[in-house]
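Engineer: Can you read through this structure? Questions will come right after.
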Amino acid sequence: MADPAIVTRPGGGLRPRRAAAGRRTLTAYLFLAPFLVIFAVFVVFPAVYGLWISLHVWNPLLDDHPFVGLQNFFDLFTPGSLTFEDFWESMGATGIFVVASVPFLLAIPLGIAVLLNRKIKGGSVFRGIFFAPYVLGVAVVSVLWRYLLDPQLGVVNAVLGLLGLPSDIPWTVDVPWAWISLVGITVWWTLGLNTVILLAGLKGINPDLYEAASLDGAGAWRKFTSVTLPGLRPVMTFVVTVTLLASANMFGQSFLITQGGPGTATRTAIMYIANQGLVQNQMGAATAMSYLLFAFLAVVSVLNFRLQRDNTK
Amino acid sequence: MSTVTTPTVTAPAPATAATAPAAPARTRKRRRRAPNLLTYAVLFLISFIIVVPLLWMLLTSFKTDFDAISSPASPWPNPFTTEAYGTLATGNLPILRWFANSVIAATAQTAIILVTASAAAYALARLEFRGKKIVFGAIVATLLVPGVVFLIPNYLIVDSFGWLDSLWAIIVPGSAGAFGVFFLRQFFISLPNEIEEAARVDGAGDFRIFWQIILPLSRPALATLAVLSFLTNWNDFIWPIYVLLSPENLTLQPGLSVLQGTYSTHFGIVMAGAVIASVPVLILFTLAQKQIVESVASSGVKG
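Chains A and B, in that order, are what the protein sequence lines are. Read in order, the letters of the first sequence are residues 1 to 313 in the numbering used here. Read in order, the letters of the second sequence are residues 1 to 303 in the numbering used here.
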């Protein structure tokens, strides 16, 4: 909102001011226009259009898209419907991945950030190395690890064999190994991201607090739990949220490394939704699922914020 | 691995430190040095875990098919050959075309983002106008919506424009992201007011102030946004695999998926494709490492 006080201030010529405000608003929207046009067409409109699609049986190959109201949503909660079992299996797979990956994606970067925050030489070189895999696409990372972890021909099993360990681990073709691989690869790929964010958070903690804790006789662990973790809380809230959302949106690793297998065990929600909508042409059902997933993630994010806030009190 | 040698540079007496638990006079020294050694050991170990797979990818791309899967695995190509790259260049899959498509799409999208986001961010950061809070709120709110919500509607929209299976689909929809506007707005707000006010006194209009003052002062932020936008577009996977259909129209990331399907056990060839898709972004990262890492690092502190 423009500040109405400027327009109605007593004594000031009302009209010229209003005209000036109008001109300023016009100028501002001229600057905004190019972005807002693309934004409206590819962000605002599709968000609403998706809801509309979700109320229909929408096969893009047919001209007729029968309106079915909330049936697509009801189906997702009706055992025995066409989508019920597969959808919730894929939500379960996403849940497994989130629960298995997020703790590592927080703990390992936090540990590395603490090490990098010490007075060491070459800190920025290490930081650069740890961040490097993150600039590679999920496709590069996935085809690379698909090769390294190949159960018969891969290097990882070969090296394990040389060390006298089991050399026939079904990294990509059996559970739980497939989950271990997907989590491990994701940690390898993205650990640098959380590391640099947490490192910036650590650098923002007042060094006097450590000084004071030392004077009180606090050891390294005590300092970590009483100074470092509370000092990191705002940054940690951000990192936890972003990591949860990123893991919940996992797609490429499963698509390329396990192809959702064995069977459909590692087929994530995103993978199932994309397949239903864009391969099976069940666009109504698929958009309904995408909104349900969105609602799910929104609830988780809000809970996470609440939890972190309550901890601060 | 050099985990042992490098720490000795900074810790001149590691041997003493390690063998002196009994001598009380030395415990102090030990306390100060031993954690440092351990710190370096862990950091080098993690570096090793990060770097070795990447080197393995590079070295494998110079192996023959047989060598790539021979056991026991040796890191060094024997014989060293560029056969995999030759097969890619002359084979049925137009990887050079994919490379060109990726460069064109990422460059074009970066240009669109720089122009549209900087203008929009200028209005949101520097101008007062009706509806500002609503516009900004709407842009920020979309940062929280997962991409899958837009996947199917945008597929239909792109289809209705006749953009399926064309680079337009890779270039335009992704330009609408809220991140660029948000990022530049934060930077523009931090710029001092004095120069702008002086220019206004001299009769400069909004456009001149934007073009001749704000943009030149914002070169570092614009460069960072350019690099981040390029990386994002270059690496995007889920969108191009569904909207690009014919082999000659692919970009590199969906191309890699096709490559893996076509040459499943010809690992030298698949790794050569992965190297081709990695080299541009790794060069960009090396050149702009400081800006990339720092802008990402500050996201948590500010956010």
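Heads up, the beta-carbon is just placed ideally off N, CA and C, and yes, glycines get one too. Computed from a predicted structure; not experimentally measured.
Look up F129 of chain B in the DSSP assignment and say whether it is helix, strand or coil.
Structural biologist: Position 129 of the second sequence, counted from the first residue, corresponds to residue 129 of chain B. In the structure shown, the three-state DSSP call for F129 of chain B is coil.
Engineer: On the criterion of 16 or more Cβ atoms from any shown chain inside 10 Å, does R222 of chain A qualify as buried, or is it exposed?
Structural biologist: Taking the first sequence and counting its residues from 1, the one referred to as residue 222 of chain A is at position 222. By the neighbour-count rule (16 or more Cβ atoms within 10 Å), R222 of chain A is not buried but exposed.
Engineer: Tell me the DSSP secondary structure of F67 of chain A in three-state form.
Structural biologist: Looking up residue 67 of chain A in the first sequence gives position 67. In the structure shown, F67 of chain A sits in a strand (DSSP, three-state: E or B).
Engineer: Who are the neighbours of F237 of chain B on chain A, taking C-beta pairs under 7 Å?
Structural biologist: Reading the second sequence from its first residue, position 237 is the one you call residue 237 of chain B. G137, V138, A139 and G252, listed in chain order.
Engineer: Could you tell me whether any Cβ in chain A is nearer than 9 Å to the Cβ of A226 of chain B?
Structural biologist: For the purposes of this step, residue 226 of chain B is identified with residue 226 of the second sequence, where counting begins at 1. Not one chain A Cβ lies under 9 Å of A226 of chain B.
Engineer: Keeping to the same chain, check which residues put their C-beta closer than 6 Å to that of G154 of chain A; ignore five residues upstream and five downstream.
Structural biologist: Reading the first sequence from its first residue, position 154 is the one you call residue 154 of chain A. Contacts found: L148.
Engineer: With three or more C-beta pairs closer than 8 Å as the rule, is the stretch 255 to 270 of chain B touching the stretch 86 to 95 of chain B?
Structural biologist: Cβ pair count under 8 Å is three or more, so yes.
Engineer: Using the Cβ count rule (16 or more neighbours within 10 Å means buried), how would you classify I198 of chain B?
Structural biologist: Locating residue 198 of chain B in the second sequence gives position 198, counting from the first residue. Residue identity check: residue 198 of chain B is Ala in the sequence provided, not Ile. Exposed is the call here.
Engineer: State the Cα-Cα distance for the pair L124 of chain B and D236 of chain B, rounded to the nearest angstrom.
Structural biologist: One-based indexing of the second sequence puts residue 124 of chain B at position 124. One-based indexing of the second sequence puts residue 236 of chain B at position 236. Taking the straight line from one Cα to the other gives about 28 Å.
Engineer: In whole angstroms, what is the alpha-carbon distance linking M271 of chain A and I113 of chain B?
Structural biologist: Your numbering for residue 271 of chain A matches position 271 in the first sequence. Your numbering for residue 113 of chain B matches position 113 in the second sequence. Rounded to whole angstroms, M271 of chain A to I113 of chain B spans 28 Å at the Cα level.
Engineer: For I171 of chain B, which option in B:L244, B:S190 and B:V135 has the closest C-alpha, if you only look at C-alpha atoms?
Structural biologist: By one-based count along the second sequence, residue 171 of chain B stands at place 171. Selected option, being the one with the closest Cα: B:L244.
Engineer: Hey, A178 of chain A and A286 of chain A are a contact pair by Cβ (cut 8 Å); roughly how many whole angstroms apart?
Structural biologist: Within the first sequence, numbered from 1, the residue matching residue 178 of chain A stands at position 178. Within the first sequence, numbered from 1, the residue matching residue 286 of chain A stands at position 286. At roughly 24 Å, the Cβ-Cβ gap does not stay under 8 Å, so A178 of chain A and A286 of chain A are not in contact.
Engineer: Going along the chain, which residues of the stretch 142 to 155 of chain B sit with their C-beta nearer than 8 Å to a C-beta in chain A?
Structural biologist: T142, L144, V145, P146, G147, V148, V149, F150, L151, I152, P153, N154 and Y155
Engineer: Taking 9 Å as the threshold (beta carbon to beta carbon), is Y210 of chain A in contact with chain B?
Structural biologist: Within the first sequence, residue 210 of chain A is the residue found at index 210, counting from 1. It does not; no Cβ of chain B falls within 9 Å.
Engineer: For the structure I just gave you, are there three or more beta carbon pairs, one from the stretch 169 to 185 of chain B and one from the stretch 223 to 236 of chain B, closer than 8 Å?
Structural biologist: Contact between the stretch 169 to 185 of chain B and the stretch 223 to 236 of chain B is present: three or more C-beta pairs spanning the two stretches fall below 8 Å.
Engineer: Distance, Cα to Cα, A139 of chain A vs P254 of chain B?
Structural biologist: The sequence position of residue 139 of chain A within the first sequence is 139, counting from 1. The sequence position of residue 254 of chain B within the second sequence is 254, counting from 1. Cα to Cα, A139 of chain A sits roughly 8 Å from P254 of chain B.
Engineer: Do the stretch 207 to 226 of chain B and the stretch 48 to 58 of chain A make contact, defined as three or more Cβ pairs closer than 8 Å?
Structural biologist: Segments in contact, no.
Engineer: Within 10 Å of its beta-carbon, does Q280 of chain A have 16 or more other beta-carbons around it, so buried, or fewer, so exposed?
Structural biologist: Within the first sequence, the letter at position 280 stands for residue 280 of chain A. It counts as exposed.
Engineer: Take L232 of chain A and list the residues in its own chain whose beta-carbon comes closer than 6 Å to its own, dropping the five residues that flank it on each side.
Structural biologist: Translated into positions along the first sequence, residue 232 of chain A becomes position 232. Cβ within range, chain order: G201.
Engineer: So F130 of chain A packs on I112 of chain A, CB below 8 Å; how close in whole Å?
Structural biologist: Position 130 of the first sequence holds residue 130 of chain A. Position 112 of the first sequence holds residue 112 of chain A. Contact holds; Cβ gap of about 7 Å.
Engineer: Find out if the Cβ-Cβ distance for the pair R219 of chain B, A121 of chain B is shorter than 9 Å.
Structural biologist: Translated into positions along the second sequence, residue 219 of chain B becomes position 219. Translated into positions along the second sequence, residue 121 of chain B becomes position 121. Contact flag unset, no.
Engineer: Going residue by residue through the stretch 42 to 83 of chain B, where are the continuous alpha helix (DSSP H) segments of at least 4 residues, counting only ones entirely within it?
Structural biologist: 65 to 68
Engineer: Near G277 of chain A, which residues of its chain fall below 6 Å by C-beta distance, leaving aside the five closest residues on each side in sequence?
Structural biologist: What you label residue 277 of chain A is simply residue 277 of the first sequence in a count that begins at 1. Closer than 6 Å at Cβ, skipping near neighbours: M283 and A286.
Engineer: Measuring alpha carbon to alpha carbon, tell me which residue in B:L167, B:V275, B:V135 and B:V258 is nearest A105 of chain B.
Structural biologist: By one-based count along the second sequence, residue 105 of chain B stands at place 105. If we check each option's Cα against that of A105 of chain B, B:L167 comes out closest.
Engineer: Beta-carbon separation of I213 of chain B and I241 of chain B under 9 Å?
Structural biologist: On the second sequence, position 213 is the one that residue 213 of chain B refers to. On the second sequence, position 241 is the one that residue 241 of chain B refers to. Not closer than 9 Å, so no.
Engineer: Between T39 of chain B and F296 of chain A, what straight-line distance do the alpha-carbon atoms span, to the nearest angstrom?
Structural biologist: In the second sequence, counting from the first residue as 1, residue 39 of chain B sits at position 39. In the first sequence, counting from the first residue as 1, residue 296 of chain A sits at position 296. Between T39 of chain B and F296 of chain A, the C-alpha separation is close to 40 Å.
Engineer: Have a look at S247 of chain A and T268 of chain A and give me their C-alpha separation to the nearest angstrom.
Structural biologist: Counting from one through the first sequence, the residue named residue 247 of chain A turns up at place 247. Counting from one through the first sequence, the residue named residue 268 of chain A turns up at place 268. Roughly 10 Å between the two C-alpha positions.
Engineer: Chain B partners of P34 of chain A, CB-CB under 8 Å?
Structural biologist: Here residue 34 of chain A refers to the residue found at position 34 of the first sequence. The contacting residues are V115, T116, A119 and A120.
Engineer: Tell me which residues share the same chain as L284 of chain B and place their Cβ nearer than 8 Å to its Cβ, disregarding the 5 neighbours each side in the sequence.
Structural biologist: By one-based count along the second sequence, residue 284 of chain B stands at place 284. Excluding sequence positions up to five before and after L284 of chain B, its CB lies within less than 8 Å of the CB of V227, F230 and L231, all in the same chain and listed in chain order.
Engineer: So with CB distances below 8 Å, who are the chain A contacts of D206 of chain B?
Structural biologist: As a first step, residue 206 of chain B is located in the second sequence; it is residue number 206 there, counting from the start. Going along chain A in sequence order, the residues near D206 of chain B (Cβ under 8 Å) are T27 and F31.
Engineer: Label W76 of chain B either buried or exposed according to how many other C-beta atoms from any shown protein chain fall within 10 Å of its C-beta, with 16 as the threshold for buried.
Structural biologist: As a first step, residue 76 of chain B must be located in the second sequence, where it is residue number 76. Result: exposed.
Engineer: Measuring only the C-alpha atoms, how far is T186 of chain A from Q253 of chain A?
Structural biologist: To locate residue 186 of chain A, count along the first sequence from 1; it is residue 186. To locate residue 253 of chain A, count along the first sequence from 1; it is residue 253. Whole-angstrom Cα-Cα distance: 8 Å.
Engineer: Tell me the rounded alpha-carbon separation between S61 of chain B and F73 of chain A.
Structural biologist: For the purposes of this step, residue 61 of chain B is taken as the residue at position 61 of the second sequence. For the purposes of this step, residue 73 of chain A is taken as the residue at position 73 of the first sequence. Near 48 Å, if we compare the C-alpha coordinates of F73 of chain A and S61 of chain B.
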